[in-house]
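See structure below.
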Amino acid sequence: MAPLQNYHVLADEFFTNRPTADIAQDLLGKLLIYDSPAGQVGGYIVETEAYLGTEDPGAHAYQGKHGRANDPLYSEAGSIYIYAIRGFYAFDVVTQANNEPQGVLIRGLEPAIGESIMRHNRTRPGFELSNGPGKLMQALNIHDTKMNYQHFADSSIKIIQDYAKIPRQVAQSQRIGVRTAAEWTDHYRYFVSGNPYVSKTRKRDIDFATYGWKTN
DNA sequence: GACGAGATCCCCT
DNA sequence: GGGGATCTCGTCT
């Protein structure tokens, strides 16, 4: 797909007034684009996780934890929260009202715009390009938290409502790397079933014909 | 492939 | 100093 100039950013209402788990599922198939210095890059969201704020033992804001690092989570819906994790960076969309620190982690991206730039940014073969939260940030060439607090309406990174794909089937699982006392209740990871850019996908589970999208 | 160890680096309501 | 919402590589099937 050629770089896009005309599109509509997802409205604030998309990111509030309903459960963050629903928002995480609805983000699957949406196009994320980034106007990077090297040109526009982007792809379809294929994997997300919902983090449910102060009551969620897996969340950064569990029990009201609030510091400089996770303060963006407390800002308005549709804002950007980037954080460092073991030498990598990961990307959240903030959901819900101010001071309600919930968000959705973007964990997998199927490249659609500027793939050659992305493969220059991260020289790993095949689906290893962007099948994980730290990997996709490398592919986008984002290596800092400077875009924290920015809102999609006026950021160089955004999620748009145009050109979205529809998953044939949304699967869910426990969140990755999250250890809580209630793992059996954790089903807040969502992904496009059969898509190869979903993290930890086994080759035999890939749907090579459709990548898990509805085709009609 | 599956698994596990080690790297790495920012943050510390 | 210790701990992550991770990734890579070596080792073993």
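Under the working numbering, residues -2 to 213 are what the first sequence spells out, in order. For each residue, glycine too, the CB sits at the ideal point set by N, CA and C.
If you compare the alpha carbons of 33, 54 and 115 with that of residue 99, the shortest gap goes to 54.
Taking a 10 Å sphere around the C-beta of residue 82, we find fewer than 16 other C-beta atoms and assign the residue as exposed. Taken through DSSP and simplified to helix, strand or coil, residue 122 comes out as coil. Relative to residue 40, the option among 115, 203, 143 and 123 whose CA is nearest is 115. When DSSP states are grouped into helix, strand and coil, residue 30 belongs to the strand group. Apart from sequence neighbours up to five positions away, the residues of its chain that approach residue 108 with a beta-carbon distance below 7 Å are 40, 115, 126 and 127, ordered along the chain. A direct Cα-Cα distance of roughly 31 Å separates residue 91 from residue 204.
Taking the C-beta atoms as reference points, residue 103 is found no nearer than 8 Å to residue 157. Boundaries of the alpha helix (DSSP H) harbouring residue 23: 17 to 23, taken from the DSSP string.
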